[in-house]
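Engineer: Residue numbers (the working numbering): 1 to 393. Ideal Cβ positions, reconstructed from N, Cα and C, are used throughout, including at glycine.
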Ligand code: SF4
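#1: In this structure, how does DSSP classify residue 103 when only helix, strand and coil are distinguished?
#2: I'd like to confirm something about residue 260: is its beta-carbon nearer than 8 Å to some heavy atom of ligand 1, or not?
#3: So, helix, strand or coil for residue 9, using DSSP?
#4: Run the proximity test for residue 247: is its beta-carbon closer than 8 Å to any non-hydrogen atom belonging to ligand 1?
#5: Which residues mark the beginning and the end of the alpha helix (DSSP H) in which residue 406 is found?
#6: Cutting at 7 Å between CB atoms, please list the residues of its own chain near residue 149, excluding the five before and the five after it.
#7: Which residues end up in the neighbourhood of ligand 1 when you take C-beta atoms closer than 7 Å to any of its heavy atoms?
#8: Out of 34, 59, 273 and 42, state which residue places its alpha-carbon closest to the alpha-carbon of residue 53.
#9: Can you list, in chain order, the residues of its chain whose CB lies under 6 Å from that of residue 236, leaving out five sequence neighbours each side?
#10: Taking the beta strand (DSSP E) that residue 236 falls in, what are its first and last residues?
#11: Measure the C-alpha to C-alpha separation of residue 104 and residue 14 and round it to an integer number of angstroms.
#12: Please name the residue in 6, 66 and 369 whose C-alpha comes closest to that of residue 255.
#13: I'd like the list of long-range same chain contacts for residue 275, defined as Cβ closer than 7 Å, with 5 residues on each side in sequence excluded.
#14: Helix or strand or just coil, what does DSSP make of residue 331?
#15: For my contact list, residue 12 and residue 63 are in at a C-beta cut-off of 8 Å; report their separation, rounded to the angstrom.
#16: Measuring CA to CA, which of 378, 348, 377 and 338 is closest to residue 360?
#17: So, is residue 394 buried or exposed, given that buried needs 16 or more other C-beta atoms within 10 angstroms?
#18: Does the pairing of the segment 280-292 with the segment 223-230 give three or more beta-carbon distances under 8 Å?
#19: Buried or exposed, going by whether 16 or more other CB atoms sit within 10 Å of the CB of residue 391?
#20: With distances taken Cα to Cα, identify the nearest neighbour of residue 357 among 145, 363, 376 and 173.
#21: Below 8 Å on the Cβ atoms is my contact criterion, and I expect residue 207 with residue 60 to pass it. Report the Cβ-Cβ distance as a whole number of Å.
#22: With DSSP as the reference, label residue 297 as helix, strand or coil.
#23: Please work out which residues of its chain come closer than 8 Å, Cβ to Cβ, to residue 343, disregarding the five sequence neighbours upstream and downstream, and give them in chain order.
#24: I need the straight-line Cα distance from residue 69 to residue 81, nearest angstrom please.
#25: Fully enclosed by the segment 109-186, which alpha helix (DSSP H) runs are 4 residues long or longer?
#26: At which residues does the beta strand (DSSP E) containing residue 262 begin and terminate?
#27: Which runs of the alpha helix (DSSP H) fall wholly inside the segment 193-253 and span at least 4 residues, in chain order?
#28: I need the DSSP call for residue 361, collapsed to helix, strand or coil.
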């Protein structure tokens with residue numbers, strides 16, 4: 001049963017035709033489909049406006065790049081090339097709009113290209129605040145979200161009332177809670193479900209209505225609890241740096257096959273961005289969404305939050321998930337990740353946390369070298385690491 005659910009989720013997650021979103025749109029009046037790019041976008045507001053927010057995560061290793069390369073210089077990451085290729089091949093036909101959260105220059109340029117190519121009825125570059133004070137960053141962020149709502153209103157005339165928005169927030173709170181439960185189960189019993197299976201289950205939620213994803217997650221939580229599985233002699237790792245361009249699933253499998261349990265990661269970080277629930281009882285739920293971003297966001301290289309150092313938050317996560325080591329895995333040429341990693345790695349060095357690092361592309365096809373590197377990492381921790389080294393944590 002669990003196997004079938006995972007297989008269905010894999011199919012949904014990598015359906016580059018976005019069939020379920022198209023089908024959903026055709027099943028009701030005034031429905032809109034809005035694509036959003038990584039990392040985080042509050043999907044609640046689109047849901048409340050009778051829409052479906054669909055995560056666009058690139059073509060991975062399932063889309064051959066033929067023309068996408070011509071749009072970009074060679075020394076940038078891979079994800080914009082595959083997204084352009086998807087656009088040229090009309091995979092986004094029927095999408096009403098696109099949101100590009102501000103994470104880096106590449107995303108900013110991609111939003112400009114979508115505008116020039118006439119994709120959708122609106123393209124919004126969503127400037128996320130870098131100031132976390134409510135009267136500055138909060139006011140700005142709220143204004144940005146209202147701009148998105150105005151765009152959708154122009155398309156379908158649906159007014160987002162507080163009741164509608166609170167209802168949507170409730171559904172996404174459930175979604176985040178269930179995903180958190182799965183991560184918690186994996187922290188304790190990582191042998192009950194592979195990281196690749198968990199990845200497929202979470203990623204399916206990027207392309208289907210939240211109501212359907214919640215049903216899937218509820219079943220999965222129940223079924224995983226019933227699984228017994230056999231613990232294996234593997235180290236527990238945290239994978240960091242993969243928040244935007246996604247690693248190929250083969251790479252996730254390789255890490256686990258090489259002697260690691262991935263008990264924490266930032267693969268599909270947007271789904272887990274808000275830590276905890278967003279208030280659902282307010283007469284001003286847009287404010288609740290805004291405050292949640294300012295106060296309950298996780299950390300990522302895509303965000304500059306000087307008052308909340310990432311290295312400290314990384315160490316907290318290492319403690320919380322009881323990991324034996326960190327794997328810094330970043331997409332080639334990903335400026336945000338690669339600029340942060342030396343700072344994070346220095347902190348790991350200072351605190352005697354073992355780590356390795358490597359680069360990947362979403363279409364990397366050869367994992368032999370990575371398997372050897374990860375395998376050696378795992379063996380060295382199992383054979384020689386001493387618990388005393390972690391005392392500094
Ligand atoms: S992978 Fe990195 S550099 Fe490329 S678009 Fe994403 S955040 Fe930007």
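Structural biologist: On the basis of the supplied data:
#1: One-based indexing of the chain shown puts residue 103 at position 103. Residue 103 sits in coil when the DSSP states are folded into three classes, being neither helix nor strand.
#2: Here residue 260 refers to the residue found at position 260 of the chain shown. It does not: the Cβ of residue 260 is nowhere closer than 8 Å to a heavy atom of ligand 1.
#3: Start at 1 with the first residue of the chain shown, and residue 9 comes out as number 9. In the structure shown, the three-state DSSP call for residue 9 is helix.
#4: What you label residue 247 is simply residue 247 of the chain shown in a count that begins at 1. No, Cβ of residue 247 sits at least 8 Å from all heavy atoms of ligand 1.
#5: Past the edges of the chain, shown from 1 to 393, lies residue 406, and the structure says nothing about it.
#6: Within the chain shown, residue 149 is the residue found at index 149, counting from 1. Only 45, 49 and 160 meet the Cβ criterion.
#7: This criterion selects 38, 76, 77, 79, 80, 103, 104, 106, 107, 244, 245, 302, 331, 333, 334, 335, 336 and 337.
#8: Position 53 of the chain shown, counted from the first residue, corresponds to residue 53. Looking at the Cα atoms, 34 is the closest of the given residues.
#9: Position 236 of the chain shown, counting from 1, holds the residue named residue 236. So the qualifying residues of the chain are 261, 263, 323 and 324.
#10: The residue labelled residue 236 in the question sits at position 236 within the chain shown. For residue 236, the enclosing beta strand (DSSP E) starts and ends at 235-240.
#11: As a first step, residue 104 must be located in the chain shown, where it is residue number 104. As a first step, residue 14 must be located in the chain shown, where it is residue number 14. Computed Cα separation, rounded: 25 Å.
#12: Counting from 1 along the chain shown, the entry for residue 255 is found at position 255. Closest by alpha carbon: 369.
#13: As a position in the chain shown, residue 275 is number 275, starting the count at 1. For residue 275, the CB contacts under 7 Å within the same chain, skipping 5 residues up- and downstream, are 296 and 298 in chain order.
#14: Against the chain shown, residue 331 aligns to sequence position 331. Note: residue 331 maps to strand in three-state DSSP.
#15: What you label residue 12 is simply residue 12 of the chain shown in a count that begins at 1. What you label residue 63 is simply residue 63 of the chain shown in a count that begins at 1. Beta-carbon to beta-carbon, residue 12 and residue 63 are separated by about 16 Å, too far to satisfy the 8 Å threshold.
#16: What you label residue 360 is simply residue 360 of the chain shown in a count that begins at 1. Taking only the C-alpha atoms, the option nearest residue 360 is 338.
#17: Nothing in the structure corresponds to residue 394, since the chain is present only between 1 and 393.
#18: Too few Cβ pairs lie closer than 8 Å, so no.
#19: The residue labelled residue 391 in the question sits at position 391 within the chain shown. Residue confidence for residue 391 is low, a pLDDT of 49 falling below 50, so the modelled location carries little weight and cannot support an answer.
#20: Numbered from 1 along the chain shown, position 357 holds the residue referred to as residue 357. Considering only alpha carbons, the answer is 376.
#21: Here the question's residue 207 lines up with position 207 in the chain shown. Here the question's residue 60 lines up with position 60 in the chain shown. Actually they do not touch by this definition, with Cβ atoms about 13 Å apart.
#22: By 1-based counting over the chain shown, the position of residue 297 is 297. Look at residue 297 here: in three-state DSSP terms it is strand.
#23: Along the chain shown, read from residue 1 onward, the residue named residue 343 stands at position 343. Closer than 8 Å at the Cβ level, and outside the excluded window around residue 343, lie 310 and 311.
#24: As a working note, residue 69 is residue 69 in the chain shown. As a working note, residue 81 is residue 81 in the chain shown. In this structure, the CA atom of residue 69 is about 6 Å from the CA atom of residue 81.
#25: Here the runs fully enclosed are 139-156.
#26: Your numbering for residue 262 matches position 262 in the chain shown. That run of the beta strand (DSSP E) goes 260-265.
#27: Scanning the segment 193-253 for uninterrupted alpha helix (DSSP H) segments of 4 residues or longer gives 195-204 and 210-226, listed from N- to C-terminal end.
#28: Taking the chain shown and counting its residues from 1, one reaches residue 361 at position 361. Assignment of residue 361 by DSSP, reduced to helix, strand and coil, places it in the coil class.
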